[in-house]
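Going by the working numbering, the first residue of the sequence shown is number 896, and it counts up by one from there.
All C-beta atoms in this analysis are idealised placements derived from N, C-alpha and C, irrespective of residue type, glycine included.
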Amino acid sequence: MISDPLTLSLVLTGVMFAFLLSSIWIAVSLILTGIVGMLIYEVRLPPAISIYDKIGDLLSGSLYDSLNSWSLAALPLFILMGEILYRSSISDRLLTGLIPWMGRIPGRLLHINVAACSLFAAVSGSSAATTATVGKITLSELRKRGYSKALAIGSLAGSGTLGFLIPPSLIMIIYGVLADVSIGKLFIGGILPGLMLAALYSGYIMIAASLDPDAVPGGDERYGWRERLASLRDLLPTFLLIALVLGSIYGGFATPTEAAALGVVGALILALWFRSFSLPMFRDALFNSVKTTVMISFIIAGAGFLSQVVGFLGIARAVSEYIASLGLSSYALILVVGIMYLFLGMILDGISIVVMTLPIVLPIVTAAGFDPLWFGIFLVFMVELSQVTPPVGFSLFVIQSISGEPIGAIVRYTLPFFLIMVAAVAIITLFPQIALWLPEHMIGR
């Protein structure tokens, strides 16, 4: 039996890696890790309650609570919209229409992941839905056209996390409520860091494509304004669909879930308009939407159970209290807090990280002189990093289901974009006005 939560956290990390390396399903590995944690930790329970009863209570409650969310109803709808766009001629028209506009930019169509994820993130508010929707459209097309697989997958994994910085952001709403910080200011504060991160991704793609001639297929086509204007015929339908979904949300006419349903209807109308709709196509779209949704939901449920166990055993609180006891300087404190969140991101989902640690971490950070609004943006970045941090990186698993690539290869392709996110965290830490300037000038204190 183990009585120290810090020691237990290290043991559970090793147990999880062992389960994952044994090729057990991700969700099952998470659930088994939580069960092992409950069994080896010295839990003091009332005599009438056995450890197995407690495990059963936590497992049943967490599995239900993790998936009993109306906001999750948008997930299968956005995935279905992406499947319809992917299986009809719309995705091919979108990429064909972008060629005249991106032909002169180093990396060309590789930038589509950054642009498309930024747009869909503002629609769905979900990293998993954004990654799945955009990935269904772009990955196969980029591979078919001969673009670098590493850059295509890596840019999708990195760009898929932009949803947390682009409103509406569930993480910002939760942080604003718990930290008593204006949610409106948090939304506005995420704009410049989000644009900065997208620009850093595109900058890396341009550099990598320039250094590796094989990353982009050959072709010296030159396009004038006549070709670019003509390409709008291919781009306009997709932009109208995005405008329909975004406009219904920001215009206050629909919730994200209702907007997702509108998106599915719009995608069906476009497929019919371009005469690429068929019953077999629609059947395959439905079938794959169900498979992807169940895969993501199962992982969410497994992570929810592990999060409950970690909270029940006091691991997150113990790690936070240990950091508070070190007496570090302000920047050293932020460095240690960042490392702590990277570690927690390996075993927890983003929402659990925020909810479990904020009551302990926020007073420590504000006492060190950091603005709570800035720390909210910092925390969003750390949650983004958790999406691409193995072993519990949701975006990595979503991409694996789409691409069929081994998880090790996906992690390797994602590493440069992970490092770019780390660099972005360092930039906003050294220059906090990147996150604070817009809220101060647009809303005021």
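Open item on the list: Please identify the residue among S1171, P1327, G1233 whose C-alpha is closest to the C-alpha of S983.
Closed with: Nearest C-alpha to S983: S1171.
Task: Cα-Cα separation between S904 and K1031, rounded to whole angstroms - done: Going from the Cα of S904 to the Cα of K1031 covers about 36 Å.
- [ ] Pick helix, strand or coil for Y936, following the three-state DSSP scheme.
- [x] If DSSP states are grouped into helix, strand and coil, Y936 belongs with the strands.
Task: Assigned secondary structure, A1330 (DSSP; H/G/I helix, E/B strand, else coil) - done: In the structure shown, the three-state DSSP call for A1330 is helix.
Open item on the list: Is it buried or exposed, G1339, if we count other Cβ atoms within 10 angstroms and call 16 or more buried?
Closed with: Since pLDDT at G1339 reaches only 46, below the 50 mark, its modelled position is unreliable, and the value read off the structure follows with that caveat. Classification of G1339: exposed, given that the 10 Å Cβ count is below 16.
TODO: Would you please state the rounded distance, in angstroms, between the beta carbons of A1045 and Y1236? I believe it to be under 8 Å.
DONE: Separation of the CB atoms of A1045 and Y1236 is rounded to 27 Å, and the pair is thereby denied contact status at 8 Å.
- [ ] Look up R1340 in the DSSP assignment and say whether it is helix, strand or coil.
- [x] With a pLDDT of only 44 at R1340, under 50, the local geometry of the prediction cannot be trusted, and the value read off the model is given with reservation. In the structure shown, R1340 adopts coil according to DSSP, grouped into three states.
Task: Where the alpha helix (DSSP H) containing D948 begins and where it ends - done: Here the alpha helix (DSSP H) through D948 covers 946 to 962.
Open item on the list: Can you give me the C-alpha to C-alpha distance between V1111 and F973, rounded to a whole angstrom?
Closed with: Between the C-alpha atoms of V1111 and F973 there is a straight-line separation of about 29 Å.
- [ ] Assign G909 to buried or exposed, taking buried as 16 or more other Cβ atoms, counted over all protein chains shown, within 10 Å of its Cβ.
- [x] A residue is called buried once 16 or more other Cβ atoms fall within 10 Å of its Cβ, and G909, having fewer, is exposed.
Task: Unbroken alpha helix (DSSP H) run spanning D1107, endpoints - done: No alpha helix (DSSP H) contains D1107, which DSSP labels as neither H nor E.
TODO: Flag this pair as touching only if the region 999 to 1010 and the region 1190 to 1209 have three or more C-beta atom pairs under 8 Å; answer yes or no.
DONE: No: fewer than three Cβ pairs fall under 8 Å.
- [ ] Output the residue ranges of the beta strand (DSSP E) runs that lie fully inside the region 1021 to 1081 and measure 3 residues or longer, sorted by chain position.
- [x] Entirely contained in the region 1021 to 1081, not one beta strand (DSSP E) run reaches 3 residues.
Task: When V1159, M1067, A1093, L967 are compared against S1013, the one with the closest alpha-carbon - done: For S1013, the nearest C-alpha among the options comes from A1093.
Task: Reference I919, options A1319, D1266, P1286, closest by Cα - done: The shortest C-alpha to C-alpha distance from I919 to any of A1319, D1266, P1286 is the one to P1286.
- [ ] Using alpha carbons as the reference points, say which of F1312, A1156, I1329, I1322 lies closest to I1102.
- [x] Answer by Cα proximity: F1312.
- [ ] Could you pull out every residue in the same chain whose Cβ sits closer than 8 Å to the Cβ of G1084, ignoring the five residues on either side in sequence?
- [x] Non-local beta-carbon contacts of G1084 in its own chain, meaning distances under 8 Å to residues more than five positions away in sequence, involve L1268, W1269, G1271, I1272, A1330, L1331, L1333, P1334 in chain order.
Task: Extent of the continuous alpha helix (DSSP H) to which Y981 belongs - done: Residues 969 to 982.
- [ ] Determine, using beta-carbon pairs with one atom in the region 1054 to 1062 and one in the region 1276 to 1286, whether at least three such pairs fall under 8 Å.
- [x] With the cut-off at 8 Å, the region 1054 to 1062 and the region 1276 to 1286 touch.
Task: Cβ-based neighbour list, V1249, same chain, cut-off 8 Å, excluding 5 preceding and 5 following - done: I1066, I1069, Y1070, L1073, L1274, V1278, listed in sequence order.
Task: Touch test, the region 1260 to 1267 against the region 1219 to 1231, Cβ-Cβ under 8 Å, three pairs minimum - done: Yes: at least three Cβ pairs fall under 8 Å.
TODO: Taking all protein chains shown into account, decide if E960 is buried (16 or more other Cβ within 10 angstroms of its Cβ) or exposed.
DONE: Checking the sequence, you will find Asp at residue 960 rather than Glu. Under a 10 Å Cβ-count criterion, D960 is classified as exposed, with fewer than 16 other Cβ atoms of the shown protein chains found around its own Cβ.
TODO: Spatial neighbours of S1097 within its chain, please: CB distance less than 6 Å, with the 5 preceding and 5 following residues excluded, ordered by chain position.
DONE: Excluding sequence positions up to five before and after S1097, its CB lies within less than 6 Å of the CB of H1006, V1009, all in the same chain and listed in chain order.
Task: Whether P846 touches I1210 by CB criterion (8 Å) - done: For the chain, the structure presents residues 896 to 1340; residue 846 sits outside this window and is missing.
Open item on the list: Taking its Cβ as the centre, do 16 or more other Cβ atoms sit within 10 Å of A1138, making it buried, or is it exposed?
Closed with: Counting of Cβ neighbours within 10 angstroms places A1138 among the exposed residues, the total staying below 16.
- [ ] Could you tell me whether the Cβ atoms of L1291 and M1316 are closer together than 8 Å?
- [x] The Cβ-Cβ distance between L1291 and M1316 does not fall below 8 Å.
Task: Same chain only: Cβ atoms within 6 Å of P1132, ignoring 5 sequence neighbours per side - done: L1165.
TODO: Assign G1264 to buried or exposed, taking buried as 16 or more other Cβ atoms, counted over all protein chains shown, within 10 Å of its Cβ.
DONE: Its Cβ having fewer than 16 others within 10 Å, G1264 is exposed.
- [ ] With a threshold of 16 other CB atoms inside 10 Å of the CB of I1100, please say whether the residue is buried or exposed.
- [x] Taking a 10 Å sphere around the C-beta of I1100, we find 16 or more other C-beta atoms and assign the residue as buried.
Open item on the list: As a quick exercise: from S1192, V1306, S1064, pick the residue whose alpha carbon is nearest that of L1370.
Closed with: Nothing can be reported for residue 1370, as the shown portion of the chain is limited to 896 through 1340.
TODO: Assuming I1305 contacts I1048 (C-beta within less than 8 Å), just tell me the rounded distance between them.
DONE: Contact between I1305 and I1048 holds, since their C-beta atoms are separated by about 6 Å, short of 8 Å.
Open item on the list: Do I985 and F1177 count as a contact pair if the criterion is CB distance below 8 Å?
Closed with: No, they are not a contact pair.
Task: Reference L1174; option with closest CA among F914, D1129, I979, T1033 - done: When each option's Cα is compared against that of L1174, the closest is I979.
Open item on the list: Looking at the secondary structure, which residues open and close the alpha helix (DSSP H) in which W1269 lies?
Closed with: Taken as a continuous stretch (DSSP letters only), the alpha helix (DSSP H) holding W1269 covers 1267 to 1282.
Task: Extent of the continuous alpha helix (DSSP H) run through S1171 - done: Premise fails: S1171 is in no alpha helix (DSSP H) and is neither H nor E.
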